[in-house]
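Engineer: Quick one: the structure is below, and I'll ask about it shortly.
Residue numbers (the numbering used here): 104 to 163.
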């Protein structure tokens with residue numbers, strides 16, 4: 104399991120959950136950046152999240 108602090112919340116994810124979220128965010132950022140607004144993220148925040156999930160999975 105992995106834990107990542109996001110502002111004041113700690114989210115615990117299994118490896119598969121983290122990988123799925125990373126792949127979905129990466130897909131949105133590359134294929135359809137406008138859809139990031141649907142999930143409430145601007146482009147900058149989306150890129151930041153993709154990077155954080157990448158680092159999280161790389162460390163693992």
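We put the CB at the ideal spot given by N, CA and C, even for glycine.
Keep in mind that this is a model prediction, so the values were computed, not measured.
Going straight from the alpha carbon of residue 138 to that of residue 162, what length do you get?
Structural biologist: Whole-angstrom Cα-Cα distance: 29 angstroms.
Engineer: What residue ranges within the segment 135-162 form continuous alpha helix (DSSP H) runs of no fewer than 4 residues, ordered along the chain?
Structural biologist: 146-162
Engineer: Quick one: using the 10 Å Cβ neighbour count with 16 as the cut-off for buried, is residue 121 buried or exposed?
Structural biologist: buried
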